[in-house]
Amino acid sequence: MIETIPDLPAGIDGLRASGKLTREDYQAVVEPLVARAATTGQRLRCLVEIPDFGGITSEAAFEDLALGRRVLHAFDGCAVVTDLPWLAGMTRFAAFFTPYPVRVFPFEERAAAITWLQELPGASHLRIRVADDTVVVEADGPLRVEDVAELAAVVDRHLAEHPTLHAVVLHAAAVPGWENFAALRAHLQFVARHHRRIDRIAVAVDGTVAAAAAGLAGLITHPRTRHFAHDELDAAIAWAAAGRARAA
Numbered sequence: 002m003i004e005t006i007p008d009l010p011a012g013i014d015g016l017r018a019s020g021k022l023t024r025e026d027y028q029a030v031v032e033p034l035v036a037r038a039a040t041t042g043q044r045l046r047c048l049v050e051i052p053d054f055g056g057i058t059s060e061a062a063f064e065d066l067a068l069g070r071r072v073l074h075a076f077d078g079c080a081v082v083t084d085l086p087w088l089a090g091m092t093r094f095a096a097f098f099t100p101y102p103v104r105v106f107p108f109e110e111r112a113a114a115i116t117w118l119q120e121l122p123g124a125s126h127l128r129i130r131v132a133d134d135t136v137v138v139e140a141d142g143p144l145r146v147e148d149v150a151e152l153a154a155v156v157d158r159h160l161a162e163h164p165t166l167h168a169v170v171l172h173a174a175a176v177p178g179w180e181n182f183a184a185l186r187a188h189l190q191f192v193a194r195h196h197r198r199i200d201r202i203a204v205a206v207d208g209t210v211a212a213a214a215a216g217l218a219g220l221i222t223h224p225r226t227r228h229f230a231h232d233e234l235d236a237a238i239a240w241a242a243a244g245r246a247r248a249a
């Protein structure tokens, strides 16, 4: 069955799903929510609690897909609260291909799930500073679409007044990755638009993945790329600056 969750903060819609889900559940509870969002233009922030799961009928699965397509781009985010390990894993996997943020919380962190929904789109995972012709980017979490847009805005402002940007330095404890496929696509589009106007990229990130990625990027993109350890940020910036000095 599916039922609404009362007494949630304003702007958050809650659904609790348990047992076996039927088409009637979707028609009685989910469809009115979708219809309201479609007709009013309301952005959806949903808390979905799943204490147990007994399956879903084929008719309900079809209804789920049909309703989802109608409001796919109307979501600000969805928090799934469950203690079922297999469901949490499946949800995290599916979240990467969802065009809005989806996070999984255990029931003991239900309050944190509500807070996360209230704070969407959330704080930036990037800290960006510009020194001369070098942009230093510090990342502390998976990149979101908003983070890539923020970086693009900084780079575009510089390129509006200069033919090139000398260097970008990425500093992170580990490869930050992407929140979802939409963020990955935005990042790839950023690279495609800008890589020929950037002279150097320094990657100050620990791990063999970061080192391999930096080497591969140096082969297939225009900027000269070099890898540094996370604690070698000063050396990374110095390498970028040295290249600028020679170019000058």
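Residue numbers for the sequence shown, in the working numbering: 2 to 249. Glycine residues also receive a C-beta, built at the ideal position from the N, C-alpha and C atoms. The model shown is predicted, which means the values in this text are computed figures rather than measured ones.
**OP:** Using 10 angstroms around the beta-carbon of Gly56, count the other beta-carbons present and answer buried if the total reaches 16, otherwise exposed.
**Re:** Here the question's residue 56 lines up with position 55 in the sequence shown. With fewer than 16 other Cβ atoms inside 10 Å of its own Cβ, Gly56 counts as exposed.
Original post:
Quick one, which of Asp235, Ile51, Ala38 has its alpha-carbon nearest Ala132's?
Top reply: Looking up residue 132 in the sequence shown gives position 131. The closest CA to that of Ala132, considering only Asp235, Ile51, Ala38, is found on Asp235.
**OP:** Taking Ala183 and Pro122 to be in contact with their CB atoms under 8 Å, please state how far apart those CB atoms are, rounded to whole angstroms.
**Re:** In the sequence shown, residue 183 corresponds to position 182, counting from 1. In the sequence shown, residue 122 corresponds to position 121, counting from 1. Contact flag wrong, Cβ pair sits at about 12 Å.
**OP:** May I have the straight-line CA-CA distance separating Ile199 from His126, to the nearest angstrom?
**Re:** Within the sequence shown, numbered from 1, the residue matching residue 199 stands at position 198. Within the sequence shown, numbered from 1, the residue matching residue 126 stands at position 125. It is roughly 22 Å from the alpha-carbon of Ile199 to the alpha-carbon of His126.
Original post:
Can you give, in chain order, each stretch of the alpha helix (DSSP H) that sits fully within the region 9–95 and has at least 4 residues?
Top reply: As summarised for the region 9–95, the continuous alpha helix (DSSP H) elements at least 4 residues long and confined to that stretch are 32–41, 59–71, given in chain order.
Original post:
Since Phe182 is in the alpha helix (DSSP H), which residue starts that stretch and which ends it?
Top reply: Working through the sequence shown from its first residue, we reach residue 182 at position 181. Annotation for Phe182: the continuous alpha helix (DSSP H) segment containing it runs 182–195.
Original post:
Counting Cβ pairs, one atom from each stretch, are 3 or more of them under 8 Å apart for the region 71–85 and the region 22–39?
Top reply: Because the criterion of three Cβ pairs below 8 Å is met, the region 71–85 and the region 22–39 touch.
Original post:
With burial defined as no fewer than 16 other Cβ atoms inside 10 Å of the residue's Cβ, what is the status of Ala246: buried or exposed?
Top reply: The sequence position of residue 246 within the sequence shown is 245, counting from 1. Residue placement at Ala246 is poorly supported in this model, since its pLDDT is 48, which falls under 50; the coordinates still yield a value, given next. Label assigned to Ala246: exposed.
**OP:** Using the DSSP secondary-structure output, state which residues sit across from His231 in a beta bridge.
**Re:** In the sequence shown, the residue the question calls residue 231 occupies position 230. Looking at the DSSP output, His231 sits in no beta bridge, so it has no partner there.
Subject >> Validate contact between the region 188–204 and the region 168–175 using beta carbons, cut 8 Å, 3 pairs >> reply: Result yes; three or more Cβ-Cβ pairs closer than 8 Å.
Original post:
Using the rule of at least 16 other Cβ atoms within 10 Å of the residue's Cβ for burial, across every protein chain shown, is Asp232 buried or exposed?
Top reply: Stepping through the sequence shown from its first residue, residue 232 is reached at position 231. Counting other Cβ atoms within 10 Å of its Cβ, Asp232 stays below 16 and is therefore classed as exposed.
**OP:** Counting only the same chain and skipping the five closest in sequence on each side, list residues whose C-beta sits under 6 Å from that of Ala187.
**Re:** The residue you call residue 187 lines up with position 186 of the sequence shown. For Ala187, the CB contacts under 6 Å within the same chain, skipping 5 residues up- and downstream, are Val146, Val149 in chain order.
Subject >> Thr209 in three-state terms, based on DSSP >> reply: Counted from its first residue, the sequence shown places residue 209 at position 208. Three-state result, Thr209: helix.
**OP:** Could you pull the start and end residues of the beta strand (DSSP E) that Glu139 belongs to?
**Re:** For the purposes of this step, residue 139 is identified with residue 138 of the sequence shown, where counting begins at 1. Glu139 -> beta strand (DSSP E) spans 135–140.
Original post:
If you count every other CB in all the chains shown that lies within 10 Å of the CB of Trp240, and 16 or more means buried, which is it?
Top reply: Walking along the sequence shown from the start, residue 240 turns up at place 239. Trp240 should be labelled buried.
**OP:** For Glu50, count neighbouring C-beta atoms within 10 Å of its own C-beta (all shown protein chains included) and say buried if the count is 16 or more, exposed if not.
**Re:** Position 49 of the sequence shown holds residue 50. Buried, by the Cβ-count rule.
Subject >> Beta-carbon proximity list for Arg251, same chain, < 6 Å, skipping 5 on both sides >> reply: Here the chain covers residues 2 to 249 and nothing more, so residue 251 does not appear.
Subject >> Which residues DSSP lists as bridging Ile202, in chain order >> reply: Numbered from 1 along the sequence shown, position 201 holds the residue referred to as residue 202. Note: Ile202 sits in a beta bridge opposite Val169, Thr226.
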